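A.B. asks: Residue numbering for the sequence shown follows our numbering, starting at 72 and increasing by one per position.
If you scroll down you'll find the structure; I have some questions about it.
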Amino acid sequence: MSYFKKLAGFAGILLLTSCGTYFNQPIFQEPARVGEYSSSTKNLLDLPEAADPLEVAVYNFSDQTGQFKAVENGSTFSTAVTQGATTILIKALEDSGWFVPIERENLSNLSTERNIIRNTKQEYIKNLNPNEPPLPPLLYAGLILEGGIISYDTNIVTGGVGARYFGLGGSARYRQDRITVYLRAVSTNSGEILKTIYVSKTILSQALDANFFRFVKFQRLLEAETGITQNEPVQIAVKDAIEKAVHDLIIEGVKDQLWSTKFGKQANDQLVASYIEDKAQDESTLLYNRLFIDKEYNNAISLSGGFTLPDGDYTTRKLGFMGKGEVEFGLTKYVGVGLAGTIFKIDNGTSYDNIFGSIDLNGHFDILPNDDFSPYVFAGPGLIVDLVKPEDESFRFGKTFFKFQFGLGLKYKVSPRISIKAFAEQNVVTSDDLDFLDQGRRDDFYYNFGLGLNYNFNWKNKNKIKENTLVEDEK
Numbered sequence: 072m073s074y075f076k077k078l079a080g081f082a083g084i085l086l087l088t089s090c091g092t093y094f095n096q097p098i099f100q101e102p103a104r105v106g107e108y109s110s111s112t113k114n115l116l117d118l119p120e121a122a123d124p125l126e127v128a129v130y131n132f133s134d135q136t137g138q139f140k141a142v143e144n145g146s147t148f149s150t151a152v153t154q155g156a157t158t159i160l161i162k163a164l165e166d167s168g169w170f171v172p173i174e175r176e177n178l179s180n181l182s183t184e185r186n187i188i189r190n191t192k193q194e195y196i197k198n199l200n201p202n203e204p205p206l207p208p209l210l211y212a213g214l215i216l217e218g219g220i221i222s223y224d225t226n227i228v229t230g231g232v233g234a235r236y237f238g239l240g241g242s243a244r245y246r247q248d249r250i251t252v253y254l255r256a257v258s259t260n261s262g263e264i265l266k267t268i269y270v271s272k273t274i275l276s277q278a279l280d281a282n283f284f285r286f287v288k289f290q291r292l293l294e295a296e297t298g299i300t301q302n303e304p305v306q307i308a309v310k311d312a313i314e315k316a317v318h319d320l321i322i323e324g325v326k327d328q329l330w331s332t333k334f335g336k337q338a339n340d341q342l343v344a345s346y347i348e349d350k351a352q353d354e355s356t357l358l359y360n361r362l363f364i365d366k367e368y369n370n371a372i373s374l375s376g377g378f379t380l381p382d383g384d385y386t387t388r389k390l391g392f393m394g395k396g397e398v399e400f401g402l403t404k405y406v407g408v409g410l411a412g413t414i415f416k417i418d419n420g421t422s423y424d425n426i427f428g429s430i431d432l433n434g435h436f437d438i439l440p441n442d443d444f445s446p447y448v449f450a451g452p453g454l455i456v457d458l459v460k461p462e463d464e465s466f467r468f469g470k471t472f473f474k475f476q477f478g479l480g481l482k483y484k485v486s487p488r489i490s491i492k493a494f495a496e497q498n499v500v501t502s503d504d505l506d507f508l509d510q511g512r513r514d515d516f517y518y519n520f521g522l523g524l525n526y527n528f529n530w531k532n533k534n535k536i537k538e539n540t541l542v543e544d545e546k
């Protein structure tokens, strides 16, 4: 029974912490229904009405990747992405309400049908009704939309996790692909390319499985397994990217006064302002969803608190308090120096405890200075001072020790001015007398672990400098 309990508990935890698809497995046949919305459909439908919808023609919005669907043993003759992108684009243009799509993809079919109607009227209807009007002319477009699906990158991120113990195991895997769409608007009057829009969309695939394999008694083997795989449909991803491209094309045209909403300048300005804010966020996000943030401030004042763990000559080692203040000066975007003052307690229980202070000079290296979440490393020399004078006057109050410290940390930018950081450092003392016990070959050292807050600043305000420069240039 204990095996069954372990199996049930493990499977329950694994399934509940993953996607809920496992509890919605298809069992019965489902009827046809209206196609799903993508994440960009609502934004497209929520656009304000256009002052004057434009006639637009789409001749071909095709798959330009030339890729075939990959399988384990090579590839198949099935294409990696849909070949119906033109139809998806026309539907998006229609849904927006800003355009009047005109049939151009199968223009030959339309022309053939009109010729049939014209010939039929001439041969059979003309004699019955001489006043029968001719066919009305075809609409012509003011804009032609061109472009296509220009890339489909597979396995840009792959990974997973798994574990197995005593016949009980499970794993989770994921894979991320990426599709890229370009859409451009061309004026039929001049042939000028008015706007080009670039949109990318990731496609996520996930797999989850759990299994149990165990001999429960002699010649009795229990084996059980379960799993689920979820793949984001490529067609929905293409639809999402195209609808996002149409949405952005409309607002870019409003921004450049190529067309307008029905509600005038105020509605145009609100629409454009919201779009510019979202676009700035998108443009600052690099590949793999890394957020790019311009480093406005090079210097920082830091206050940290935490604890110290000694590793010296005593076997008893307890956590002592630690407090640190530091001033950091940025030399470049990546490299800086810092001067820190620390108070900490070395605690070896009843054997020994004492309070020290240290002054550290560190060199800092920010690994990702333009990310909101950045790891960093630091190292440098330092000086330790004994701060407590005990009753025993022979104790070395005020004695100094040289040391070297190195460590790593993580910084998270809450705002351009404020950052939160966590760090761990090792301090290697050049003496074995820090804990007042000199024995063994190795010198004393200790660890500091802390959590702190940074206030970022510059010596001079860059904005003020720019404003003064502009005023001087105007004069």
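Using N, Cα and C, we set each Cβ at its ideal position, and we do this for glycine too.
What you are looking at is a predicted structure, and each value in this text was computed from that prediction instead of being measured.
Restricting to Cα atoms, I'd like to know which of Q328, S502, S373 and T112 is closest to I159.
C.D. replies: It is T112 whose Cα lies nearest to the Cα of I159.
A.B. asks: Can you tell which of I187, Y385 and E174 has its C-alpha closest to the C-alpha of T421?
C.D. replies: The residue with the shortest Cα to Cα distance from T421 is Y385.
A.B. asks: Using CA coordinates, which residue listed in V152, G262 and N131 is at the minimum distance from F139?
C.D. replies: Nearest option by C-alpha distance: V152.
A.B. asks: Leaving out five residues on either side along the sequence, give the residues of the same chain with a beta carbon under 7 Å from the beta carbon of N114.
C.D. replies: Closer than 7 Å at the Cβ level, and outside the excluded window around N114, lie H318.
A.B. asks: Going by alpha carbons, who is nearest to G412 out of N419, I430 and I426?
C.D. replies: Minimum Cα distance to G412 is reached at I430.
A.B. asks: Rounded C-beta distance between L390 and L380? I'm assuming under 8 Å.
C.D. replies: About 6 Å separates the two Cβ atoms, so the contact holds.
A.B. asks: Between Q247 and L275, is the Cβ-Cβ spacing less than 7 Å?
C.D. replies: Closer than 7 Å, so yes.
A.B. asks: From the DSSP output, read off the bridge partner residues of F520.
C.D. replies: DSSP, once it has assigned bridges, lists F378 and A495 as partnering F520.
A.B. asks: Ordered along the chain, which non-local residues of its own chain (more than five positions away) have a Cβ less than 6 Å from that of D424?
C.D. replies: The answer, listed in chain order, is D418.
A.B. asks: Our contact map puts E126 next to G213 with C-beta atoms below 8 Å; I'd like the distance itself, whole angstroms only.
C.D. replies: Their Cβ separation, rounded to whole angstroms, is 6 Å, which keeps E126 and G213 in contact under 8 Å.
A.B. asks: From the DSSP output, in three-state form, read off L178 for me.
C.D. replies: Note: L178 maps to helix in three-state DSSP.
A.B. asks: What residues in its chain sit with their C-beta under 8 Å from that of P119, if we drop five residues either side in the sequence?
C.D. replies: Closer than 8 Å at the Cβ level, and outside the excluded window around P119, lie T332, K333, F334, A338 and L342.
A.B. asks: Any contact between the segment 234 to 248 and the segment 256 to 270? By contact I mean 3 or more CB pairs, one from each, below 8 Å.
C.D. replies: No, because fewer than three Cβ pairs between the segment 234 to 248 and the segment 256 to 270 fall closer than 8 Å, the two stretches do not touch.
A.B. asks: Taking three-plus beta-carbon pairs below 8 Å as touching, is the segment 97 to 111 in contact with the segment 181 to 189?
C.D. replies: The segment 97 to 111 is not in contact with the segment 181 to 189.
A.B. asks: At the level of alpha carbons, what is the spacing between L458 and I414?
C.D. replies: For L458 and I414, the distance between alpha carbons rounds to 9 Å.
A.B. asks: Determine the direct distance from the alpha carbon of G409 to that of L432, and round the result to whole angstroms.
C.D. replies: Cα to Cα, L432 sits roughly 6 Å from G409.
A.B. asks: Out of K416, I322, P304 and D443, state which residue places its alpha-carbon closest to the alpha-carbon of K492.
C.D. replies: It is D443.
A.B. asks: Beta-carbon within less than 6 Å of E294's beta-carbon, same chain only, minus the 5 sequence neighbours each way: which residues are those?
C.D. replies: Result list for E294: F284, in chain order.
A.B. asks: If we ignore side chains and look at the alpha-carbon of each, how far apart do L209 and D327 end up?
C.D. replies: Using only the alpha carbons, I get a separation of about 29 Å.
A.B. asks: Which same chain residues, not among the five before or five after L402, have their C-beta less than 7 Å away from its C-beta?
C.D. replies: Correct list, in chain order: V408.
A.B. asks: Please report the distance separating the alpha-carbon of N519 from that of A234.
C.D. replies: The straight-line gap from Cα to Cα measures roughly 33 Å.
A.B. asks: Suppose the cutoff is 6 Å on Cβ atoms and the five residues either side in sequence are ignored; what does the same chain contact list for F528 look like?
C.D. replies: Cβ within range, chain order: Y368 and N370.
A.B. asks: Quick one: Cα of Q301 to Cα of A281, how far?
C.D. replies: Cα to Cα, the separation comes out at about 15 Å.
A.B. asks: Please classify F392: is it buried, with 16 or more other beta-carbons within 10 angstroms of its beta-carbon, or exposed?
C.D. replies: It is exposed - the Cβ of F392 has fewer than 16 other Cβ atoms within 10 Å.
A.B. asks: Can you tell me whether P172 is buried or exposed, with buried defined as 16 or more other CB within 10 angstroms of its CB?
C.D. replies: Flag for P172 reads buried.
A.B. asks: Using the C-alpha atoms, what's the distance from Y253 back to E496?
C.D. replies: Straight-line Cα distance between these residues: approximately 49 Å.
A.B. asks: Under 8 Å by Cβ, that's how I've got E107 and I307 pegged, so tell me the actual separation to the nearest angstrom.
C.D. replies: E107 to I307, Cβ: 6 Å. Contact.
A.B. asks: Indicate the three-state DSSP secondary structure (helix, strand or coil) for Y423 in the structure shown.
C.D. replies: Coil at Y423, not helix or strand.
A.B. asks: For a test of the three-state rule: what should DSSP assign to I489, helix, strand or coil?
C.D. replies: Here I489 sits in strand by DSSP.
A.B. asks: Determine the direct distance from the alpha carbon of A163 to that of A316, and round the result to whole angstroms.
C.D. replies: Cα to Cα, A316 sits roughly 10 Å from A163.
A.B. asks: When the Cα atoms are used, what is the spatial distance from P207 to R189?
C.D. replies: P207 and R189: Cα-Cα distance of roughly 11 Å.
A.B. asks: Could you pull the start and end residues of the alpha helix (DSSP H) that Y346 belongs to?
C.D. replies: Taken as a continuous stretch (DSSP letters only), the alpha helix (DSSP H) holding Y346 covers K336 to E354.
A.B. asks: Tell whether a beta-carbon distance below 7 Å holds between K272 and D224.
C.D. replies: Not in contact: K272 and D224 (Cβ atoms no closer than 7 Å).
A.B. asks: Considering only their Cβ atoms, is the gap separating Y346 from I364 smaller than 7 Å?
C.D. replies: Contact flag unset, no.
A.B. asks: What does DSSP give as the partner residue(s) for L216 in the beta ladder?
C.D. replies: Per DSSP, A256.
A.B. asks: In terms of residue numbering, what span does the alpha helix (DSSP H) encompassing E126 cover?
C.D. replies: Per DSSP, E126 belongs to no alpha helix (DSSP H); it is in the beta strand (DSSP E), L125 to A128.
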